[in-house]
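The numbering used here puts the first residue of the sequence shown at 595, with every later residue one more than the last.
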Amino acid sequence: MATEGVISIEEIEKQSDLPVFEVSDALDWMEGPSVVGDNTLESLAGFSNAVGAKVLLVQYDYPDLTEYFVDPDDFDLDELFEDGVDDVEAAIDERNAELDGILAEYDGRPWAVSVFVMYEGQPFGVFLTDNDLIDRLGETSMEFIARLYWQANCDCEED
């Protein structure tokens with residue numbers, strides 16, 4: 595069975611013969627374990643069996659939503675955008691309103707899960723993400739401002 599997206603700990607428990615424990619801070623945020631096989635629970639089960647693992651560890655990663663909202667006070671807009679600051683502020687307002695709409699639907703679910711075993715001091719397992727949520731959130735505030743800056747200062751022709 596192929597594994598797609600973020601799955602619940604209950605689903606992991608159903609698919610595993612090993613005890614499953616949720617952990618936090620075992621792996622850096624959005625840095626999964628070394629991926630085993632084809633990044634499925636089946637591959638992990640084979641690896642776990644081969645190395646004699648006794649437990650599966652699960653770590654969920656949640657978005658830091660503050661990184662997505664653009665606070666104009668975090669950037670010197672007058673210096674970055676000599677002309678068109680009003681347009682930039684309007685784009686920021688539109689971006690933040692779009693995020694408000696996304697967050698009205700957001701139920702606090704994680705956007706990534708690492709399911710792994712420790713072998714010789716290293717995590718090996720699967721890393722699954724909710725690509726739909728990641729895509730919907732889009733750029734971080736820094737990426738958003740960088741894109742606007744590039745567009746305002748690029749001498750290239752638009753497609």
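In this text, a Cβ means the ideal position worked out from N, Cα and C, and glycines have one as well.
Boundaries of the alpha helix (DSSP H) in which residue i is found, first to last residue
| i | result |
| --- | --- |
| E733 | Here E733 belongs to no alpha helix (DSSP H), and DSSP marks it neither H nor E. |
| F641 | 635-645 |
| D659 | Before going further, note that residue 659 is Leu rather than Asp in the sequence given. No alpha helix (DSSP H) holds L659; DSSP gives it neither H nor E. |
| G695 | 679-699 |
| E676 | Segment: none, E676 is in no alpha helix (DSSP H) and carries neither H nor E. |
Residue interval of the beta strand (DSSP E) (run including residue i)
| i | result |
| --- | --- |
| V709 | 706-713 |
| V649 | Element bounds for V649: n/a, residue is neither H nor E. |
| L722 | 716-723 |
When the options are compared against residue i, the one with the closest alpha-carbon
| i | options | result |
| --- | --- | --- |
| S602 | L722, Q716, G626 | L722 |
| A740 | P717, S628, A685 | A685 |
| D694 | W705, P666, L731, D681 | L731 |
| Y713 | F615, S628, E605 | S628 |
| G678 | E605, Y743, S708, P657 | Y743 |
| V649 | L727, G719, S735 | G719 |
| D619 | N725, I728, N747, S708 | S708 |
| V652 | L638, E692, D681 | L638 |
| D724 | M624, L635, V614 | M624 |
| K608 | L727, E636, C748 | E636 |
| F710 | E733, D726, S642, Q745 | S642 |
| L727 | G715, N747, G702 | G702 |
Assumed close pair residue i, residue j - CB separation to whole angstroms, cut-off 8 Å
| i | j | result |
| --- | --- | --- |
| Y654 | P717 | With 8 Å as the limit, Y654 and P717 do not qualify as a contact, their Cβ atoms being about 14 Å apart. |
| E683 | P666 | 6 Å |
| A647 | L612 | 6 Å |
| Y662 | S735 | 6 Å |
Local Cβ density within 10 Å of residue i, reported as buried at 16 or more and exposed below that
| i | result |
| --- | --- |
| A706 | buried |
| L671 | buried |
| E605 | exposed |
Margin query: List, from N- to C-terminal side, the beta strand (DSSP E) runs of 3 residues or more that fit wholly inside the region 605-637.
Written below: 614-616
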